[in-house]
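Working notes, beginning with the structure itself.
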């Protein structure tokens, strides 16, 4: 019997949350918001538990409220009354930034404690904005603290060190992982950002308050405001969308340190291969792929690609799309905050020549998606759209011969 791999693509508002399951192995990638956990993740985890299955791995791509709030809520509840057995967690926190001794200026204990007492309100988000009535959103603990309290194996596949680009495959159950990002350079940039922000809080020669460091780190990184790049948006009638003009737009890469620290990877189960890009920077993915594959192996075919950063035009470059392709592209967003997905990204994906029909999966029925879902455009560029009404999408991948 051929193996199948199921992708559960959850509505996570403007965030991400995916569960990958195959033959009893389950991997959760990000958790969206608290409501994502309550409405979608928690019922699914109960279902797995009833089948006596476990979460073999949780991958937290990077520190951002739209990716980790649901994970924080899961661990908070699981630490009190076990919902499901969690075998491993990947998460790069303060301890993984490899500070040099010369960098290790000590922070005043009271400064870090005051950050901790804020209870990481920007991180544990009910949905955007945080609902005042939600006590847990106000008093949620940092993810690192919850991992420590639960005693979960933390980056155990990396001997407790940081999860970064690896040439070696990592095996977990039926799955193998080829990590593409972050690079050490991107983690160094995150470290520099962290130090810069803490300079604003002040340094003194004192013992490091280690029990608060991870919490303070998450507070600063998750609270960082992403820079909006002003670009003219094409939100006219769908018949006026000009993909040929959109692909000519100059590409500018995202420069947010948190996004650049995303854990991105190729997941393989049997012959099925999925590319998960988190909110990664395309230049890092390109560099990693070129170290792993020869020129004559490109473009690489994947059974599904999770598009970086909710379809932002800053995270999917034409150069990256010369190296990768798929029949299935997953775009996770409700369009709030930054107006994702960008039409430039869609144009870059669908205007490339192909021998097969591409399918674009959207987990919300956005106005811009209805414009992309135009019959003339779909026929011209050989693609189709699957648009959820705000319920989970299940995509089943069968063994392929590609």
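In our numbering, the protein residues as written are 29 to 430. Here a beta-carbon is modelled for each residue, glycine too, at the ideal position from N, C-alpha and C.
Nonlocal neighbours in the same chain, by C-beta distance under 7 Å from residue i, ignoring five residues either side
i           : result
residue 290 : 89, 90, 209, 210, 306, 307 and 308
residue 217 : 285 and 288
residue 212 : 192
residue 174 : 100, 103, 104 and 107
Residue i: CB within 7 Å of a non-hydrogen atom of the ligand ADP
i          : result
residue 85 : As for the ligand ADP, it is missing from this structure, which has no ligand bound.
Beta bridge counterpart(s) of residue i as assigned by DSSP
i           : result
residue 332 : 302
residue 353 : 329
residue 387 : 356 and 412
residue 56  : 47 and 86
residue 200 : 203
residue 271 : Answer by DSSP bridge pairing: none, since residue 271 is not bridged.
residue 189 : Bridge partners of residue 189: none, in fact.
residue 118 : 87
residue 209 : 292
Residue i - DSSP class collapsed to helix/strand/coil
i           : result
residue 103 : helix
residue 394 : coil
residue 424 : strand
residue 61  : coil
residue 41  : coil
residue 80  : coil
residue 321 : coil
residue 373 : helix
residue 180 : coil
residue 340 : coil
residue 282 : coil
residue 34  : strand
residue 295 : strand
residue 91  : coil
residue 311 : helix
residue 316 : helix
residue 97  : helix
residue 174 : helix
residue 380 : coil
residue 110 : coil
residue 404 : helix
Residue i versus residue j - alpha carbon distance
i           : j           : result
residue 34  : residue 422 : 7 Å
residue 181 : residue 325 : 36 Å
residue 107 : residue 178 : 5 Å
residue 332 : residue 114 : 25 Å
residue 79  : residue 295 : 24 Å
residue 354 : residue 60  : 24 Å
residue 382 : residue 205 : 27 Å
residue 172 : residue 395 : 37 Å
residue 116 : residue 50  : 17 Å
residue 401 : residue 223 : 45 Å
residue 66  : residue 338 : 22 Å
residue 335 : residue 73  : 25 Å
residue 341 : residue 310 : 11 Å
residue 215 : residue 407 : 43 Å
residue 352 : residue 109 : 43 Å
residue 41  : residue 321 : 35 Å
residue 371 : residue 269 : 8 Å
residue 386 : residue 272 : 17 Å
residue 15  : residue 357 : Nothing can be reported for residue 15: it is not among the residues displayed for the chain, which extend from 29 to 430.
residue 405 : residue 398 : 12 Å
residue 410 : residue 220 : 45 Å
residue 292 : residue 119 : 12 Å
Close beta carbons around residue i, own chain, < 6 Å, minus the five adjacent residues each side
i           : result
residue 200 : 84 and 85
residue 424 : 32 and 34
residue 44  : 58, 95 and 360
Neighbourhood of residue i by C-beta distance below 8 Å, restricted to the same chain and skipping five residues each side
i           : result
residue 187 : none
Residue-chain proximity (residue i, chain D), Cβ-Cβ < 8 Å
i           : result
residue 397 : This model lacks chain D altogether, as it is built from one protein chain only.
Indicate whether the contact test is met: 3 or more Cβ pairs, each with one atom in the segment 276–287 and one in the segment 313–320, closer than 8 Å.
-> In short, these stretches do not touch, since the Cβ pair count stays below three.
Please confirm if the segment 366–382 is in contact with the segment 337–351, defined as three or more CB-CB distances below 8 Å between the two stretches.
-> Cβ pair count under 8 Å is three or more, so yes.
Given 8 Å as the limit, is there contact between the segment 413–421 and the segment 388–404, that is, 3 or more CB pairs closer than that?
-> Result yes; three or more Cβ-Cβ pairs closer than 8 Å.
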